[in-house]
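In the working numbering, the protein residues as written are 24 to 344.
All C-beta atoms in this analysis are idealised placements derived from N, C-alpha and C, irrespective of residue type, glycine included.
Values in this document were obtained by computation on a predicted structure and should not be read as measured data.
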Amino acid sequence: MDWTRLEVDGRVTALARGLCAGVATDGDAFVVPLRLPHPAARRYDGLQLDSFGVLGVAQGEHTWLTGRGADGRLHLWAAYTDGSMFVPHSLEAVDAVWAAPLLDAHAGQVLTTCLDGGAWRLRIHQREDAILGGRAQAPDLSLDGDPGTRLAFAFYERDPVVVAGPLGDDGAPHALSLSRADREWRRIHLAPTPTALCSVATGQFGRHTWVAGHLDGHPVVYEVLPLPFRGLLRSSLVELPRLELAPDSLGHRPVVLVDEAQHDSPVFVAALPRGNRLCWYDGTEWKAHPVPDGRVRSACVSGGSVHVLVDGAVWSLPDLT
24 MDWTRLEVDG RVTALARGLC AGVATDGDAF VVPLRLPHPA ARRYDGLQLD
74 SFGVLGVAQG EHTWLTGRGA DGRLHLWAAY TDGSMFVPHS LEAVDAVWAA
124 PLLDAHAGQV LTTCLDGGAW RLRIHQREDA ILGGRAQAPD LSLDGDPGTR
174 LAFAFYERDP VVVAGPLGDD GAPHALSLSR ADREWRRIHL APTPTALCSV
224 ATGQFGRHTW VAGHLDGHPV VYEVLPLPFR GLLRSSLVEL PRLELAPDSL
274 GHRPVVLVDE AQHDSPVFVA ALPRGNRLCW YDGTEWKAHP VPDGRVRSAC
324 VSGGSVHVLV DGAVWSLPDL T
């Protein structure tokens, strides 16, 4: 079965939870609901973005986008689904230089980062507090590097937000969780300790949360265990086939989990020396299917198909899993 490329006049720069978004060749933002066959892009005439395009996309009562507008300021945009109207909400009040919406019918949060003395600081706000300059939900986290390439995160409705990457003052790979009831990030214990973490995803309507990375050039995936006690959250190591990752991929995202896959085992894309492969467990053994070449940024299941953002293009495949 072959992959189908989403044809758009421009570049796709964000993909999350059934939507992708990007910037057209003339600078206007567009959004595409993900399914097969691909629908036409929903274009927002006059919603001009810089060359980085849409930084994050989410679906709530409106489509929510983050990006830097023609005025040079970072905004959270409420974009109506018929493409007729959009409303900008500046994020200057929280000094944000990068942001991603965590918004749906039940969740109303925004991840932001600011630069403090040249160092990245990660914050999470309720939507209104992010717009008005209110307090963050939890203490800031240090982030070693650009959030667009070094930070991974996922959430499902009212479930905790999980972030992963080089977090903390030591810049080591950490995964942390924040529930609505907590005011503190809770660290997720990962054993064995990974070399790096690069992806987070949920599955089975929030019943699973997985964190992926690599260790000694091989993929590692951990399932977060929501056990009812304080302190470190536990995780269990998912048994994977022994795959060799492409050496030149290790500084990027060599393992990308497919978000919202409805299976008890994770589905992921791995950058192997022989090319990208979509990997899944069929109940008996692990299987693999080729994925178009390029750097994989994110992936999800929507409308019965798998959708993968590779460089600036989205490729879709009927769900083989």
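Cβ-Cβ distance between residue i and residue j below 9 Å
i: Arg257; j: His212; result: yes
i: Leu190; j: Ala153; result: no
i: Ser339; j: His61; result: yes
i: Ala130; j: Glu180; result: yes
i: Pro341; j: Met24; result: yes
i: Trp208; j: Ala175; result: no
i: Arg173; j: Leu166; result: yes
i: Val333; j: Arg318; result: yes
i: Leu268; j: Ala284; result: no
i: Ala224; j: Thr232; result: yes
i: Gly226; j: Pro183; result: no
i: Asp244; j: Leu199; result: Note that residue 244 corresponds to Val in the displayed sequence, not to Asp. Against a cut-off of 9 Å, the Cβ pair of Leu199 and Val244 comes out as no contact.
i: Leu70; j: Asp94; result: no
i: Arg40; j: Thr104; result: no
i: His237; j: Pro264; result: no
i: Val110; j: His148; result: no
i: Leu145; j: Thr135; result: yes
Limits of the beta strand (DSSP E) - the one that residue i falls within
i: Ile154; result: Premise fails: Ile154 lies in the alpha helix (DSSP H), Arg150 to Leu155, not in any beta strand (DSSP E).
i: Ser74; result: Here Ser74 belongs to no beta strand (DSSP E), and DSSP marks it neither H nor E.
i: Gln82; result: Gly79 to Gln82
i: Leu263; result: Per DSSP, Leu263 belongs to no beta strand (DSSP E) and is neither H nor E.
i: Gln132; result: Gly131 to Asp139
i: Val312; result: What sits at residue 312 in the sequence shown is His, not Val. Looking at the DSSP string, the run of the beta strand (DSSP E) that includes His312 is Trp309 to Pro313.
i: Ser321; result: Val319 to Ser325
i: Gly298; result: Gly298 to Tyr304
i: Val279; result: Val278 to Leu280
i: Gly189; result: Here residue 189 turns out to be Pro, not Gly, going by the sequence shown. Start and end: Val184 to Pro189.
i: Ala293; result: Phe291 to Leu295
i: Leu164; result: Leu164 to Leu166
Run of the alpha helix (DSSP H) containing residue i, from where it starts to where it stops
i: Pro170; result: Pro170 to Arg173
DSSP state of residue i mapped onto helix, strand, coil
i: Asp94; result: coil
i: Ser272; result: helix
i: Val117; result: helix
i: Phe109; result: strand
i: Gly240; result: coil
i: Val247; result: strand
i: Leu332; result: strand
i: Arg146; result: strand
i: Tyr179; result: coil
i: Arg230; result: coil
i: Ser288; result: coil
i: Gly254; result: coil
i: Asp68; result: strand
i: Ala159; result: coil
i: Leu126; result: strand
i: Ala195; result: coil
i: Thr86; result: strand
i: Leu340; result: strand
Heavy atom of the ligand NAP within 8 Å of residue i beta-carbon
i: Leu166; result: Ligands displayed in this structure: none; no statement on the ligand NAP is therefore possible.
For the region 42-50 against the region 67-83, do three or more pairs of beta-carbon atoms, one drawn from each stretch, fall closer than 8 Å, so that the two count as touching? Verdict: yes, contact present.
Counting only runs of 3+ residues fully inside the region 202-227, write out the beta strand (DSSP E) ranges in chain order. As for any beta strand (DSSP E) of minimum length 3 sitting wholly inside the region 202-227, the runs are 219-226, ordered along the chain.
Contiguous beta strand (DSSP E) assignments of at least 3 residues, all confined to the region 25-64: Segments of the beta strand (DSSP E) lying fully in the region 25-64: 33-39, 42-47 and 51-56.
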